[in-house]
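For the sequence shown, position 303 matches number 302 in numbering that gives the first Met the number 0, and the numbering has no gaps at all. Below is one structure, written out as structure tokens, with a few remarks after it.
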Amino acid sequence: MAVRLMDLNVAEVDALVKQGGVAVGRPASWPQGVDTSGDPAAYPPHDSKHSTEQSPLFVISGRKNPAGLVFHHDDQGCHLPWSDLVRLGSSVSVRCVVFEPNIDGLGAGDEHHQPPWKRLLKMIGPERHEIWTIFLMACAAGLLSISAPLAAQQLVRAVTFGGVFQPIIVLSVILLGLLSLLGAFQVLKIYIAEVIQRRLFTRITADLAWRLPRVREEEWQHHDGQELVNRFLEVVTVQKVVSSLLVDGLAIILATIVGMTLMAFYHPFLLGYDLILIVLLSLIILTMGRGGVRTSIDESENKYATLAWFEELVRVPGIFRTPEGAALAWQRSDALCTKYLNARQDHFAIVLRQYIALAVLQAVAATGLLSLGGYLVLREQLTLGQLVAAELIVATIVGSFLKLGKHLEEWFDLMASVNKLGHMFDLPVNHQRGVLLPERPEPIAIQMRNVSRGHPPAAGQWVPPNLTCDVPPGSSLAIFDSHPEQRSEILSQLSGEPVDLRGTIEFDGLPLGDLRRDLVRSQVALVRDPAILTASIAANVHLHRPGVSDQAVKRRLEDVGLMDRVEGLPDGIQTELPARGYPLSSTEQMQLMLARAMAGNPRLLLIDGWLDGLPDNLRQRLLGVLLAPDRTWTTVITTSRHDIASLCDQTIEMDNAEPRALRAPRQPSLPMTKSV
0 MAVRLMDLNV AEVDALVKQG GVAVGRPASW PQGVDTSGDP AAYPPHDSKH
50 STEQSPLFVI SGRKNPAGLV FHHDDQGCHL PWSDLVRLGS SVSVRCVVFE
100 PNIDGLGAGD EHHQPPWKRL LKMIGPERHE IWTIFLMACA AGLLSISAPL
150 AAQQLVRAVT FGGVFQPIIV LSVILLGLLS LLGAFQVLKI YIAEVIQRRL
200 FTRITADLAW RLPRVREEEW QHHDGQELVN RFLEVVTVQK VVSSLLVDGL
250 AIILATIVGM TLMAFYHPFL LGYDLILIVL LSLIILTMGR GGVRTSIDES
300 ENKYATLAWF EELVRVPGIF RTPEGAALAW QRSDALCTKY LNARQDHFAI
350 VLRQYIALAV LQAVAATGLL SLGGYLVLRE QLTLGQLVAA ELIVATIVGS
400 FLKLGKHLEE WFDLMASVNK LGHMFDLPVN HQRGVLLPER PEPIAIQMRN
450 VSRGHPPAAG QWVPPNLTCD VPPGSSLAIF DSHPEQRSEI LSQLSGEPVD
500 LRGTIEFDGL PLGDLRRDLV RSQVALVRDP AILTASIAAN VHLHRPGVSD
550 QAVKRRLEDV GLMDRVEGLP DGIQTELPAR GYPLSSTEQM QLMLARAMAG
600 NPRLLLIDGW LDGLPDNLRQ RLLGVLLAPD RTWTTVITTS RHDIASLCDQ
650 TIEMDNAEPR ALRAPRQPSL PMTKSV
């Protein structure tokens, strides 16, 4: 991208940036002014009159340790650290700066699929300050939690050595204050955990909102997108379990540590008791819980397999309305349910054995301390008050054992949920790199040289010819072809989609393969299949694009002959459409797609064969709009009808051994202005 931008002069770079609405700034202000959350952007200096063709080009990567790659006019690059770039300030005439953010987000990076615990750390990493605050509060709460056992110890001593009531009142007031402070810490922890929950939801939503529109097209050939995004609901499990572990799980661990530490000061035997208890707890957690994460993931996968099957039942309901189809639906559902129950049984076996072990340890720990404490009291090595305090501490510890089992089960569920979310985060995305396609008022000029399929044909398969032609800006080209796959591949390539084609295609003299795909798509409109948003008809046309008003929506609906139909609906252009487009017919949905494409005033408009099946009167009306003399776009139409091809300025026949121009191209009259 950096070297290609050197091909543009300063005026073109300035125009591109201004059209894109990108802020400009001097190098000295980069650390404060650079937005590294979006796509790469070009930043010229404030005063471009000091920039020349010999000025260096800066490429800055928005990563943890950013460095600039400086390209001079001879394309010889050198790396400079961020501090050196800042020191350059305005002393160097900067021609253009390209900021490329770090877009790894919550993805696995170089790893194929991260372990869930690693991804969890990445998710909660930005909340480390809040987590540290919760940890400190949990430590304070752990210290305050021993106030009740210590108060009981002092109460026993006061009752034993005298019947004065005043110390009991003082002790009660102090205990009330400490327990109130403990409650305040607990409320603060809950509040901070709630803030973390909201931020987790926001961060995951933002990552997916950025990632999903940029997923590589070929990935959707291997994944069911609708089934995949259902896993977003796992974010609720992540929120709840993270909050529970931070508030309750951490409190249990720290209260246990503080209580055991206090008991260790009472007698060396109690220190040994603490060590044995820690070892047994570790064995239960680490050994008896082995395989819990794997079985939890298996359970989750079977759950989503069942959900995917139910989506199939709804997507193609006609298949299952016959007796045989209904039987298939039942049999498949039963098989998936059985697989889920087996996976759940395997997972619960691990959870159950941990619960059983913790329950046994709870009984043994309470009985053991009572026996050991009684023995030490009889030997006068432990006071009665210390025994009461130790019993209260152990009662709290062993009472939390079963709660610990619940948190262990939550941990397994958390790992499964993070793993499911990870499948979305690991979808490879298109990195928006390449030459910036200038946004000009005139239509795009196309040059195609020896364009053909990049993969070899199968045995006996028809071999498409190479395509070579020039399409002047504002003209129209018809690709006459009876093989829909071939012509669709060409239009897909022209629209900026990655297609395995050989040869070269240029837009305005720039190689299409070197251009940024997103900027190509912003200036090219492909009308192929219905793509209805669950929104109003107006929203389906304007797509919230700036500059597309309601008046423009109505004008384009009128152009495609759909306005009368829309006005006949109860809510007019504000009628809400479901994903299937009802109440519009399939033909009306394609008219809506054409209105959407024209409303964006593209520089290149691609029509992929769907005009062939329209009624004659509607087809003639749409062709009149597409090929109007005052149109602001270059038009490319694929068709298998000679009457459609004959209306275009240039026609290429692909069914012959070589493409044959059926008519020489006419020089179009370009419009002076671009309609809004």
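All C-beta atoms, glycine included, are put in the ideal place defined by N, C-alpha and C.
C-beta atoms of residue i and residue j nearer than 9 Å
{"i": "Thr236", "j": "Asp412", "result": "yes"}
{"i": "Ala418", "j": "Ile296", "result": "It is worth fixing the name first, because residue 418 is Asn in this sequence and not Ala. Yes. Within cutoff."}
{"i": "Leu245", "j": "Lys188", "result": "yes"}
{"i": "Leu493", "j": "Leu605", "result": "yes"}
{"i": "Gly421", "j": "Gln113", "result": "yes"}
{"i": "Asp247", "j": "Ala307", "result": "no"}
{"i": "Pro497", "j": "Glu218", "result": "no"}
{"i": "Leu514", "j": "Gly495", "result": "yes"}
{"i": "Thr638", "j": "Ala477", "result": "yes"}
{"i": "Ala444", "j": "Pro427", "result": "no"}
{"i": "Arg602", "j": "Pro442", "result": "yes"}
{"i": "Ile191", "j": "Ile123", "result": "no"}
{"i": "Val470", "j": "Val635", "result": "yes"}
{"i": "Asp480", "j": "Glu310", "result": "no"}
{"i": "Val540", "j": "Leu525", "result": "no"}
{"i": "Glu298", "j": "Ala342", "result": "yes"}
{"i": "Val292", "j": "Ala415", "result": "yes"}
{"i": "Cys138", "j": "Leu280", "result": "no"}
{"i": "Leu269", "j": "Phe231", "result": "no"}
{"i": "Ser475", "j": "Leu646", "result": "yes"}
{"i": "Thr305", "j": "Ile349", "result": "no"}
{"i": "Val552", "j": "Ala627", "result": "no"}
{"i": "Gly560", "j": "Leu509", "result": "no"}
Integer-rounded CB distance, given that residue j should sit under 8 Å from residue i
{"i": "Leu170", "j": "Ala147", "result": "Contact flag wrong, Cβ pair sits at about 11 Å."}
{"i": "Val228", "j": "Ile203", "result": "Contact doesn't hold; Cβ gap of about 12 Å is too wide."}
{"i": "Ala140", "j": "Leu177", "result": "Between Leu177 and Ala140 the Cβ distance is about 10 Å, and since that is not below 8 Å, they are no contact."}
{"i": "Gln353", "j": "Gly404", "result": "6 Å"}
Contacts around residue i, its chain only, beta-carbon distance under 7 Å, and the 5 residues preceding and following it disregarded
{"i": "Ala328", "result": "Leu312, Phe319"}
{"i": "Asp273", "result": "Met259, Met262, Ala263"}
{"i": "Ala356", "result": "Ile283, Met287"}
{"i": "Asn429", "result": "Arg213, Arg215, Arg516"}
{"i": "Gln152", "result": "Gly384, Gln385, Val387, Ala388"}
{"i": "Ser238", "result": "Before going on, a small fix: residue 238 reads as Gln here, not Ser. Closer than 7 Å at the Cβ level, and outside the excluded window around Gln238, lie Gln196, Leu199, Phe200."}
{"i": "Gly324", "result": "Ile318"}
{"i": "Thr586", "result": "Leu613"}
{"i": "Ser28", "result": "Because Ser28 sits at a pLDDT of 38, beneath the cut-off of 50, its placement in the model cannot be relied upon, and the following sentence gives the value as read from the coordinates. Counting only Cβ-Cβ distances below 7 Å, and skipping sequence neighbours, we find nothing."}
{"i": "Leu375", "result": "His266, Phe268, Leu381"}
Buried versus exposed, by CB contacts within 10 Å (16 or more), residue i
{"i": "Ile283", "result": "buried"}
{"i": "Trp609", "result": "buried"}
{"i": "Tyr581", "result": "exposed"}
{"i": "Phe70", "result": "Residue placement at Phe70 cannot be trusted, given a pLDDT of 39 that sits under 50; what the coordinates show is reported in the next sentence. With 16 or more Cβ atoms within 10 Å of its Cβ, Phe70 is classed as buried."}
{"i": "Val240", "result": "buried"}
{"i": "Arg289", "result": "exposed"}
{"i": "Ser674", "result": "With a pLDDT of only 34 at Ser674, under 50, the local geometry of the prediction cannot be trusted, and the value read off the model is given with reservation. Exposed, by the Cβ-count rule."}
{"i": "Thr337", "result": "exposed"}
{"i": "Leu340", "result": "exposed"}
{"i": "Gly271", "result": "exposed"}
{"i": "Pro316", "result": "exposed"}
{"i": "Asp314", "result": "According to the sequence shown, residue 314 is Arg rather than Asp. Burial call: exposed."}
{"i": "Arg127", "result": "exposed"}
{"i": "Ser584", "result": "exposed"}
{"i": "Arg630", "result": "buried"}
{"i": "Val278", "result": "exposed"}
{"i": "Ala364", "result": "buried"}
Cutoff 6 Å; reference residue i; Cβ partners in own chain excluding five residues on either side
{"i": "Ser242", "result": "Ala192, Gln196"}
{"i": "Arg527", "result": "Asp607"}
{"i": "Leu625", "result": "Thr634"}
{"i": "Ser144", "result": "Ala254"}
Contact set for residue i: own chain, Cβ-Cβ below 8 Å, skip 5 residues either direction
{"i": "Gln522", "result": "Leu436, Glu438, Ile443, Pro601, Arg602, Leu603"}
{"i": "Gly373", "result": "Leu386"}
{"i": "Ala530", "result": "Met592"}
{"i": "Val565", "result": "Ile536, Leu556, Gly571, Ile572, Thr574"}
{"i": "Pro577", "result": "Ile531, Thr533"}
{"i": "Gln588", "result": "Pro529, Ile531, Gly580"}
- Task: Tell me, please, whether the region 584 to 602 touches the region 618 to 638 by the rule of three or more beta-carbon pairs shorter than 8 Å.
- Result: yes
- Message: Taking contact to mean 3 or more Cβ pairs, one atom from each stretch, closer than 8 Å, check whether the region 392 to 405 and the region 257 to 273 are in contact.
- Response: yes
- Query: So, do the region 625 to 643 and the region 532 to 549 have three or more beta carbon pairs nearer to each other than 8 Å?
  - Reply: no
- Query: Is the region 567 to 575 touching the region 529 to 539, taking contact as three or more C-beta pairs under 8 Å?
  - Reply: yes
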